[in-house]
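Numbering (the numbering used here), first residue to last: 1 to 56.
The beta carbon of each residue, even a glycine, is placed where N, CA and C say it ideally should be.
Some notes on the structure that comes next.
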């Protein structure tokens with residue numbers, strides 16, 4: 001359980017970094033490169049998976 005919680009914290013940190021990068025890279029017109037969106041989605045999905053494991 002402790003290992004899952006550590007992994008969850010690591011994923012949250014990565015998700016926060018990806019979200020911040022996405023926000024920084026957004027242009028004035030609102031355009032965001034797909035790679036930044038994909039990175040946020042990837043870490044959201046990883047967070048969801050680890051949360052399911054923790055909740056078991």
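Does the Cβ of residue i have 16 or more other Cβ atoms within 10 Å, making it buried, or fewer, making it exposed?
i: residue 15; result: buried
i: residue 11; result: buried
In chain order, what residues of the same chain lie with their CB nearer than 8 Å to the CB of residue i, ignoring the 5 residues before and after it?
i: residue 51; result: 8
Roughly how far, in whole angstroms, is the beta-carbon of residue i from the beta-carbon of residue j, given that I think they are within contact range, below 8 Å?
i: residue 22; j: residue 37; result: 7 Å
In its own chain, which residues sit with a C-beta less than 6 Å from the C-beta of residue i, not counting the 5 before and 5 after it?
i: residue 26; result: 32
Once DSSP output is grouped into helix, strand and coil, what is the label at residue i?
i: residue 13; result: helix
i: residue 31; result: coil
i: residue 56; result: coil
i: residue 51; result: helix
Might you give, ordered along the chain, the residues of its own chain that have their beta carbon closer than 7 Å to the beta carbon of residue i, omitting 5 neighbours on each side?
i: residue 19; result: 40
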